[in-house]
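Participant: For any residue, its number in my numbering is found by taking its place in the sequence shown, counting from 1, and adding 3. All C-beta atoms, glycine included, are put in the ideal place defined by N, C-alpha and C.
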Amino acid sequence: MMKERIKTLFIIGFFCLLGLSPLALVAQEEPSGIYLTWQEDPTSTITIDWHLKNGTSQALSYRKKGTDNWAEATSNVTDFPFSDRKIHRVSLKGLSADSAYEIKFDAKGKVYYFKTMPNDISRSPIKFAIGGDTMHDKAVMEKTNRQVLPYNPDFIIIGGDLAYGNGDGKNVNRWYDWFDAVKNTLIQEDGRIIPMMLGIGNHEVKSGYNDEDIPEHLKVEKRKESAPFYFNLFAFPGQPGYGVLEFGKYLSFIFLDSDHTNAIDGPQKDWLARELAIQKEKETSHVMAVYHVPAYPSARAFTGTTQTMIREHWVPLFEKSSIQLVFENHDHAYKRTYPIKNNNVDEDGIVYIGDGSWGTRPRTVHDAESTWYLQTSQSVRAFTLVTLQGKSFNILTVDEDGKIIDSYPNNPLIKP
4 MMKERIKTLF IIGFFCLLGL SPLALVAQEE PSGIYLTWQE DPTSTITIDW HLKNGTSQAL
64 SYRKKGTDNW AEATSNVTDF PFSDRKIHRV SLKGLSADSA YEIKFDAKGK VYYFKTMPND
124 ISRSPIKFAI GGDTMHDKAV MEKTNRQVLP YNPDFIIIGG DLAYGNGDGK NVNRWYDWFD
184 AVKNTLIQED GRIIPMMLGI GNHEVKSGYN DEDIPEHLKV EKRKESAPFY FNLFAFPGQP
244 GYGVLEFGKY LSFIFLDSDH TNAIDGPQKD WLARELAIQK EKETSHVMAV YHVPAYPSAR
304 AFTGTTQTMI REHWVPLFEK SSIQLVFENH DHAYKRTYPI KNNNVDEDGI VYIGDGSWGT
364 RPRTVHDAES TWYLQTSQSV RAFTLVTLQG KSFNILTVDE DGKIIDSYPN NPLIKP
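Structure representation (structure tokens):
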């Protein structure tokens, strides 16, 4: 027994001399979920989540692609709600911009990699895929996912209604399926993991919508109780459920909560006004917003309560800012509006694109010809690919079968 202990201590000491953590000696199980996002500067950081049943901190190995030596970071462990799984999270900082980094969840395991974002997009474009309402059915979500990969997006944004778990512990298997779909169909064949940022929708929340009677000082715990999966599983935007991610001076993406755990009016509106003023002063090249319930719906009623509140409280702030594109969801269809300003079609206005049909059953849409704000509306599953270069942008919308169903503007950076 003593000899075995001495042998073990010797081996651990040997690995420590090599600069390897003793955690690397313990073979990990294959992660049941892998998820990358950003909480801070996407040019120099990354946040990496992986899910295990093992609740002991684990070592993540990482290195810049093309180098020899692996560094290690130890995971912070939190509970996966209503599950025996654990969330392991590592945040890496001080990375080089526009660079590939390899990672291993096990010292002897598969090598994956991710890319940091560039400092500048004046000469080379970036691309991201965006949509919402991802999983009525796992197979349907995976079908759309498979159409995303050939476009090689730098990141993916989903504007709420992810696993349709409704904040209910009885639906934990839907989250297992959601992460399984991401792992199966949104990791490229060469091992590249695409970072994702996720907004909140009504199907992340037990009651669907905000309880305005809760005092503000109790809201943090109330949000965690109302949307336990969303606030525990995803690092960004975190509390209070809205936030901004800044990509140097070329892109700022604003994530809003359309009355699910935060009122549209009140602190969120005040924050939005301040943030838009900051971005305008900074002269950020592209400022965009994403949220769940549409101000300009493709299927639901234009006069709906939440829709009307957004037009009353947020849209005037958008129109005073430098925003050109806003992404909406919730209606399970595809739409693109005319440019809108002061609730009228105006060539200097904002284009609203959505409406959340990544992996859901499409709804019947309003007729675009007879709906003043709709330039196109289609009952279809789809995602939108956005390309940015310099101060120019282009969108392509692709359906679940890979067909390009919309392009805007008429002189795209990527031609259909």
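#1: Quick one: give me the first and last residue of the alpha helix (DSSP H) that Lys-227 is part of.
#2: Would DSSP call His-54 helix, strand or coil?
#3: Identify the residues that DSSP records as bridge partners of Gly-135: which are they?
#4: Where Glu-278 and Thr-46 are concerned, what is the direct C-alpha to C-alpha distance, given to the nearest angstrom?
#5: DSSP three-state label for Arg-364, please.
#6: Taking Val-208 as the reference, which of Leu-95, His-263, Asn-155 has the closest Cα?
#7: For Ile-257, which of Asp-334, Thr-379, Leu-328, Thr-306 has the nearest alpha-carbon?
#8: Look at the alpha carbon of Glu-249 and the alpha carbon of Ser-410, and state the distance between them as a whole number of angstroms.
#9: Taking contact to mean at least 3 C-beta pairs separated by less than 8 Å, is the stretch 372-382 in contact with the stretch 336-344?
#10: Can you check which of these residues, Ser-382, Pro-128, Thr-77, Trp-317, is closest to Gly-357 by C-alpha distance?
#11: Thinking Leu-391 and Leu-320 are a contact (beta carbons under 8 Å), I'd like their distance in whole angstroms, please.
#12: Taking DSSP as the reference, what is the three-state secondary structure of Asp-180?
#13: In three-state DSSP terms, what is Ile-124?
#14: Report yes if the C-beta distance between Gly-163 and Gly-202 is below 7 Å; otherwise report no.
#15: Taking all protein chains shown into account, do 16 or more other C-beta atoms lie within 10 angstroms of the C-beta of Gly-246, making it buried, or fewer, making it exposed?
#16: Would you mind working out which of Asp-82, Pro-365, Ile-51, Tyr-233 sits nearest Lys-96, comparing C-alpha positions?
#17: Following the continuous beta strand (DSSP E) through Leu-275, name the residue where it begins and the one where it ends.
#18: Among Ala-76, Asn-213, Phe-108, Pro-121, which residue has its Cα nearest to the Cα of Gly-251?
#19: Just confirm the distance between the C-beta atoms of Tyr-115 and Gly-170, as a whole number of angstroms; I'd bet it's less than 8 Å.
#20: Going by the CB atoms, is the gap between His-335 and His-295 shorter than 7 Å?
#21: Look up Arg-195 in the DSSP assignment and give the residues it is bridged to.
#22: Can you give me the C-alpha to C-alpha distance between Leu-26 and Thr-387, rounded to a whole angstrom?
#23: Please report the distance separating the alpha-carbon of Asp-87 from that of Val-348.
#24: Could you spell out the range, first to last residue, of the alpha helix (DSSP H) harbouring Leu-320?
#25: Relative to the alpha-carbon of His-316, which residue among Lys-285, His-369, Pro-270 has its alpha-carbon at the smallest distance?
#26: Residues bridged to Gly-357 by DSSP?
#27: Using only the alpha-carbon positions, how far apart do Ile-326 and Leu-399 sit?
#28: Could you work out which residue in Lys-222, Leu-259, Tyr-253 is closest to Phe-239 when comparing CA atoms only?
#29: Using CA atoms only, rank isn't needed, just tell me which of Asp-351, Arg-366, Ser-78 is closest to Ala-385.
#30: Looking at the secondary structure, which residues open and close the alpha helix (DSSP H) in which Arg-92 lies?
#31: Grab the span of the beta strand (DSSP E) containing Val-401 for me, first residue to last.
#32: Could you compute how far the alpha carbon of Ile-196 sits from the alpha carbon of Lys-89?
#33: For my contact list, Gly-393 and Ile-124 are in at a C-beta cut-off of 8 Å; report their separation, rounded to the angstrom.
#34: Apart from the five residues on each side of it in sequence, which residues of its chain come closer than 6 Å, Cβ to Cβ, to Phe-237?
#35: Of the residues Asp-101, Lys-56, Tyr-299, Glu-43, which one's Cα is nearest the Cα of Pro-34?
#36: Considering only DSSP beta bridges, list what Gly-246 is partnered with.
Facilitator: This is what the structure holds:
#1: It spans 222-229 - the alpha helix (DSSP H) in which Lys-227 sits, taken as one unbroken run.
#2: Reduced to three states, the DSSP call for His-54 is strand.
#3: The partner list for Gly-135 (beta bridge, DSSP) is empty, contrary to what the question assumes.
#4: About 21 Å.
#5: Secondary structure at Arg-364: coil, using DSSP grouped into helix, strand and coil.
#6: Among Leu-95, His-263, Asn-155, the Cα nearest to that of Val-208 is on His-263.
#7: Comparing alpha-carbon positions, the option among Asp-334, Thr-379, Leu-328, Thr-306 lying closest to Ile-257 turns out to be Leu-328.
#8: Roughly 26 Å between the two C-alpha positions.
#9: With the cut-off at 8 Å, the stretch 372-382 and the stretch 336-344 touch.
#10: Answer by Cα proximity: Ser-382.
#11: In fact, because the Cβ distance is near 22 Å, the residues do not count as touching under 8 Å.
#12: Asp-180: helix per DSSP, three-state reduction.
#13: Judged by DSSP in its simplified three-state form, Ile-124 adopts coil rather than helix or strand.
#14: Yes, the pair counts as a contact, with Cβ atoms nearer than the cut-off.
#15: Buried: at least 16 other Cβ atoms inside 10 Å.
#16: Checking every option, the nearest Cα to that of Lys-96 belongs to Ile-51.
#17: Where Leu-275 is concerned, there is no enclosing beta strand (DSSP E), although the alpha helix (DSSP H) it sits in stretches over 270-285.
#18: Comparing Cα positions, the closest option is Pro-121.
#19: Between Gly-170 and Tyr-115 the Cβ distance is about 30 Å, and since that is not below 8 Å, they are no contact.
#20: One thing to note: His-295 has its Cβ no nearer than 7 Å to the Cβ of His-335.
#21: Listed as beta-bridge partners of Arg-195 by DSSP are Tyr-116.
#22: Because Leu-26 carries a pLDDT of 47, less than 50, the predicted location of this residue cannot be relied on, and the following value inherits that uncertainty. Distance between the alpha carbons of Leu-26 and Thr-387 is about 42 Å.
#23: Rounded to whole angstroms, Asp-87 to Val-348 spans 52 Å at the Cα level.
#24: Counted as a single uninterrupted DSSP element, the alpha helix (DSSP H) harbouring Leu-320 occupies residues 318-323.
#25: Taking only the C-alpha atoms, the option nearest His-316 is Pro-270.
#26: Per DSSP, Lys-338.
#27: When only Cα atoms are considered, Ile-326 and Leu-399 end up about 19 Å apart.
#28: When each option's Cα is compared against that of Phe-239, the closest is Leu-259.
#29: The alpha carbon of Ala-385 has as its nearest neighbour, out of Asp-351, Arg-366, Ser-78, the alpha carbon of Arg-366.
#30: Per DSSP, Arg-92 lies in no alpha helix (DSSP H); the unbroken beta strand (DSSP E) holding it starts and ends at 89-95.
#31: Unbroken beta strand (DSSP E) run through Val-401: 395-402.
#32: A direct Cα-to-Cα measurement between Ile-196 and Lys-89 gives close to 20 Å.
#33: Cβ-Cβ separation between Gly-393 and Ile-124: approximately 7 Å, consistent with a contact (criterion under 8 Å).
#34: Counting only Cβ-Cβ distances below 6 Å, and skipping sequence neighbours, we find Leu-201.
#35: The residue with the shortest Cα to Cα distance from Pro-34 is Lys-56.
#36: Gly-246 has Phe-258 as its beta-bridge partners, per DSSP.
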